[in-house]
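Position one of the sequence shown corresponds to residue 18 (the numbering used here), numbered consecutively onward.
Note that beta-carbon positions come from the ideal geometry of N, C-alpha and C, so glycine has one too.
Presented below is the structure to which this report refers.
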Amino acid sequence: MQIRHVVWIAVYPTKPMRGDKMKLFSKLAVALMLVTVCSMMADRPVQAQTLQEVMKERGLTEKDILAAAKTYTPTGGRDEYIAFSSGGQSGQVIVYGIPSMRILKYIGVFTPEPWQGYGFDDESKEVLKGGRTMGKDILYGDSHHPAISETDGEYDGRYLFINDKANPRLAVIDLHDFETKQIVANPFFKSDHGGCFVTPNTEYVMEASQYAAPYGDEFVPLEEFNEKYRGGLTYWKFDREAGRLSYEESFTFELPPYSQDLCDAGKGPSYGWGFTNSFCSERYIGGIERGRPPFEAGCSAKDTDFMHVTNWKKAAELVAAGKVTKVNGSYLITMEQAIAEDLLFLIPEPKSPHGCDVSPDGKSIIVSGKLDSHAWVYSFEKIMKAIADRNFESTDSYNIPIISLEAALDKSVNVGLGPLHTQFDSEDGVCYTSIYVDSQVTKWNYRTGKVLDTMPIHYNIGHLMTMEGDSKSPDGKYLVALNKLSIDRFNPVGPLHPQNHQLIDISKSTMTLLYDMPIPLGEPHYAVAIKADKLQPINRYKTGWNSRTDEKSPWRVRAGREKVERNGNRVHVYGTTIRSHITPEIIEVQEGDVVSIHLTNLERAEDEVHGFSMYGQNIQLSIEPGKTASATFTADKAGVYPYYCTEFCSALHLEMQGYLLVQPKGYVATGAEMEEGVTYTKEDYETQVATNVATQEVIDMVVGFITSHNYADFPIVVALVEDATDQLGFAAETQIKAETAAAEGDWQNAMLWANQWWQYQVKTADLGLRAKTHLEENGAKKVK
Ligand code: K7E
Ligand code: CUA
């Protein structure tokens with residue numbers, strides 16, 4: 018039963034009453050009826066049917082029923098894991114639960130997302146500005162690889178990072194409120210693919226470039242490719258205290274103009290090192306229009322490419338010792354310096370490699386050959402021995418030492434045609450590799466080299482992920498195959514197909530498919546999943562909070578202190594939102610004014626989000642409880658601009674409205690009074706007051722119940738009581754206004770204020786009854 022439903026029953030009279038009370042209850046009842054009817058309809062009993070009947074009717078097998086039972090999550094149920102998936106070209110992050118595969122949120126990251134006000138309020142516009150490239154706003158991203166912050170090699174659930182391949186940028190999402198806090202643009206690259214990969218204590222976040230380019234914005238002809246075009250690998254310093262990446266403390270390895278690809282950070286014995294695969298070490302520069310074979314031929318001609326091995330720990334020490342110089346305002350370790358200091362080595366890799374995954378124990382690195390059928394397992398111990406013995410087969414054209422494949426390789430295993438990425442199981446040595454060409458997942462053991470199981474997946478698999486699969490202790494249990502496009506799998510929706518995330522049960526020795534989930538947002542690339550109980554998101558902000566900087570907003574204002582400040586043509590409106598009105602309701606400015614509307618949501622109850630949308634100004638704010646959000650625009654055209662709340666926050670949500678009046682230059686008010694459409698009498702006023710007095714009795718009863726219980730032990734109730742106290746305070750202030758008007762015989766205003774007084778009471782009662790129900794349902798104890 019819904020809470021509103023309970024409210025309805027609670028206020029509905031069960032005993033005969035006096036006329037006044039009867040009227041009160043019928044009024045309260047009407048106010049609550051709307052929301053109640055919907056919830057009652059949802060409670061209607063279903064016609065009795067057996068499981069067998071349903072199976073027959075829908076053509077389901079026993080296997081289907083078993084899969085359904087493993088994923089179905091009844092109403093109110095929670096998921097064991099929370100997945101964060103790249104939203105591909107949408108530039109967003111998709112949050113969903115596992116095993117239910119229910120989508121919980123799209124987080125706006127590189128792309129504006131209006132529901133969250135992201136890219137529409139001043140605060141988040143500042144975040145997006147961090148990603149400006151050559152002075153231009155870039156309002157999308159080709160997001161690829163999310164990574165969860167780690168402590169001692171375990172996911173800690175504090176932050177999420179994701180990269181944009183198209184314009185080499187990284188974003189920081191704070192998981193305490195699931196909001197994007199920072200976007201940084203790489204100071205050297207023109208694209209990145211090898212991000213984000215975190216070191217075991219999130220000391221650094223790795224970002225490798227993909228398509229070699231000059232480090233500056235100047236023109237350099239392709240003829241100078243070998244000398245002037247460069248790849249690279251940035252280790253972004255993460256300041257955990259501030260929750261931000263530090264531009265000043267990060268450093269970049271200058272790398273040859275190969276196409277650096279994915280990375281992973283070492284852990285355990287390989288802690289302090291990073292690994293980056295690459296393709297196109299041919300340094301082919303294409304040119305179909307010049308009669309040359311295309312990139313795809315020139316970039317896959319050689320049998321091997323290079324894995325780059327970098328020592329970030331030693332590099333960080335050099336930076337700290339002041340031995341690295343800055344270029345473009347950021348530390349750059351030249352190839353010359355890296356070679357001289359033993360920071361950089363190459364190892365041959367299989368043809369057109371992809372994926373680069375460090376095993377949970379940090380001893381092995383697995384790279385796949387896209388055009389090969391093998392996964393190649395490198396031994397970190399052997400790599401270290403080769404370096405110690407100076408056992409190099411040669412150097413590349415940039416003098417970087419190359420460790421021979423034989424010296425570094427542990428084994429290569431035939432896993433299927435077109436292997437890409439590898440993820441790890443909770444069982445030691447067991448891993449899963451996505452096989453693109455054969456469209457399958459191969460389960461194998463990288464210690465024994467044995468293939469254990471294969472499972473055909475739908476189509477075009479890219480990445481795959483296991484639960485906490487990048488940590489030093491993966492949970493196994495489930496695997497998600499991230500498939501690109503989904504022909505033949507779902508109801509058709511036109512030529513652009515949804516993507517398909519397939520949930521696979523890996524808790525037994527053979528894999529079983531559980532669920533297909535269409536993702537209608539963008540190519541998924543990679544996803545990460547964390548145990549749900551490691552996430553502790555807040556459900557409201559401290560009042561007057563700038564959520565993007567995580568500090569008090571200078572634009573916050575308290576109830577009753579709302580104001581408009583003008584300085585020349587610059588206007589700041591300090592406003593508030595609370596059920597069910599926006600203060601101010603009328604904003605008057607002059608043509609040409611630059612206007613900022615700052616709104617603080619005064620509510621604490623977690624469902625009391627208000628929105629703010631205005632005609633013709635491209636404004637849409639999401640103001641969650643406590644948040645202060647701002648919108649700045651130029652009122653460049655005289656006119657009438659209605660605004661309103663965009664969240665269905667209360668029964669009188671539609672009435673949560675107002676007008677921005679932009680007066681033409683030189684406008685002079687006529688001095689006429691505004692007139693209401695209805696005239697009220699003394700009798701109307703008295704009837705309303707009688708209703709209010711009776712409503713107060715209900716409120717007192719509820720307050721009596723709450724305060725006689727240990728309500729302070731229930732944070733949800735405390736929030737509701739705080740909101741209710743606010744509303745009741747407003748009711749008292751409004752009562753005085755009503756009575757003052759009545760004393761003057763101004764029945765029009767007396768009646769209107771009396772009605773507003775009642776509106777505050779209804780909200781108080783609604784909040785109070787929700788609090789009471791929560792206490793009753795959660796075993797609150799009587800204390801008085
Ligand atoms: Cu293989 Cu960008 Cu990780 Cu896509 S990448 S698949
Ligand atoms: Cu506030 Cu609708």
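Flag residue i as yes if its beta-carbon sits less than 8 Å from any beta-carbon of chain D, otherwise no.
{"i": "R573", "result": "This model lacks chain D altogether; it includes just one protein chain."}
By alpha-carbon positions, which one of the options ends up nearest to residue i?
{"i": "H480", "options": "T471, S456, S564 and S488", "result": "S456"}
{"i": "P274", "options": "C280, Y228 and E306", "result": "Y228"}
{"i": "E4", "options": "E750, G285, V189 and D783", "result": "The chain is shown from 18 up to 801; residue 4 falls before or after that span and cannot be answered."}
{"i": "I179", "options": "R565, E358, V110 and D442", "result": "V110"}
{"i": "R186", "options": "E334, E602 and T251", "result": "T251"}
{"i": "F409", "options": "T742, E79 and I419", "result": "I419"}
{"i": "Q607", "options": "N586, A405, G174 and L121", "result": "N586"}
{"i": "G291", "options": "F312, R307 and E224", "result": "E224"}
{"i": "V432", "options": "V458, Y415, L513 and S411", "result": "V458"}
{"i": "F101", "options": "S166, A86, E423 and S141", "result": "S166"}
{"i": "G104", "options": "E692, N709, V779 and G539", "result": "G539"}
{"i": "I448", "options": "D487, D701 and P231", "result": "The sequence shown places Cys at residue 448, not Ile. Here the closest residue by C-alpha is D487."}
{"i": "T698", "options": "E444, A771, K330 and E271", "result": "A771"}
{"i": "I200", "options": "V237, V800 and K146", "result": "K146"}
{"i": "V719", "options": "Y135, E739, Q705 and T790", "result": "T790"}
{"i": "E143", "options": "V126, F206 and D159", "result": "V126"}
{"i": "W132", "options": "T663, L677 and T483", "result": "T663"}
{"i": "Y661", "options": "L638, Q680 and V679", "result": "L638"}
{"i": "R621", "options": "G108, P217, N243 and E739", "result": "E739"}
{"i": "G134", "options": "K467, V734 and L616", "result": "L616"}
{"i": "M472", "options": "T342, D492 and L496", "result": "L496"}
Considering only DSSP beta bridges, list what residue i is partnered with.
{"i": "W1", "result": "Nothing about residue 1 can be read from this structure; the chain reaches only from 18 to 801."}
{"i": "L155", "result": "Looking at the sequence provided, one finds Ile at residue 155 rather than Leu. Paired residues: none, contrary to the question."}
{"i": "Y123", "result": "I111"}
{"i": "I383", "result": "D374 and V394"}
{"i": "R186", "result": "D181 and A202"}
{"i": "D173", "result": "Paired residues: none, contrary to the question."}
{"i": "L272", "result": "G248"}
Pull up the CB-CB distance for residue i and residue j, whole angstroms please, since I reckon it's below 8 Å.
{"i": "F650", "j": "V612", "result": "6 Å"}
{"i": "F255", "j": "T219", "result": "5 Å"}
{"i": "F195", "j": "P554", "result": "6 Å"}
{"i": "I523", "j": "K494", "result": "7 Å"}
{"i": "A392", "j": "I400", "result": "With a Cβ gap of about 17 Å, A392 and I400 do not count as contacting."}
{"i": "W562", "j": "Y591", "result": "Not quite, the Cβ-Cβ distance comes to about 15 Å (not below 8 Å), so this is no contact."}
{"i": "N477", "j": "K501", "result": "4 Å"}
{"i": "S298", "j": "F323", "result": "5 Å"}
{"i": "D533", "j": "R557", "result": "D533 to R557, Cβ: 36 Å. No contact."}
For residue i and residue j, what's the separation of their Cα atoms in angstroms?
{"i": "I753", "j": "D653", "result": "41 Å"}
{"i": "M768", "j": "R596", "result": "20 Å"}
{"i": "V23", "j": "Y98", "result": "Any answer about V23 is weak, because its pLDDT of 39 lies below 50 and its placement is not dependable; what the coordinates show is given next. Between V23 and Y98, the C-alpha separation is close to 32 Å."}
{"i": "G248", "j": "M352", "result": "11 Å"}
{"i": "D154", "j": "G233", "result": "19 Å"}
{"i": "L49", "j": "V581", "result": "Residue confidence is low: L49 scores 47 on pLDDT, short of 50, so the model does not pin down where it sits. No coordinate-derived value is stated."}
{"i": "K87", "j": "A338", "result": "55 Å"}
{"i": "P310", "j": "L239", "result": "16 Å"}
{"i": "H598", "j": "T712", "result": "21 Å"}
{"i": "P515", "j": "G94", "result": "27 Å"}
{"i": "G643", "j": "H193", "result": "15 Å"}
{"i": "I452", "j": "I547", "result": "24 Å"}
{"i": "P537", "j": "A749", "result": "50 Å"}
{"i": "Y658", "j": "Q69", "result": "59 Å"}
{"i": "A782", "j": "A646", "result": "28 Å"}
{"i": "G308", "j": "E485", "result": "48 Å"}
{"i": "L349", "j": "V222", "result": "16 Å"}
{"i": "E692", "j": "D763", "result": "14 Å"}
{"i": "G386", "j": "P541", "result": "21 Å"}
{"i": "Y415", "j": "L361", "result": "11 Å"}
{"i": "R802", "j": "T593", "result": "Absent from the model: residue 802. The displayed extent of the chain is 18 to 801, so no value can be given."}
{"i": "P365", "j": "G289", "result": "21 Å"}
Contained beta strand (DSSP E) runs [length at least 3] in the stretch 615-665, N- to C-terminal order: 627-631, 636-640, 645-651 and 656-661
Which runs of the alpha helix (DSSP H), 4 residues or longer, sit entirely within the stretch 188-260? 242-245
Which ranges would you report for the beta strand (DSSP E) in the stretch 666-728 if only whole runs of at least 3 residues count? 674-680
In chain order, which continuous runs of the beta strand (DSSP E) of length 3 or greater are located wholly inside the stretch 429-489? 436-441, 447-452, 457-462, 468-473 and 478-484
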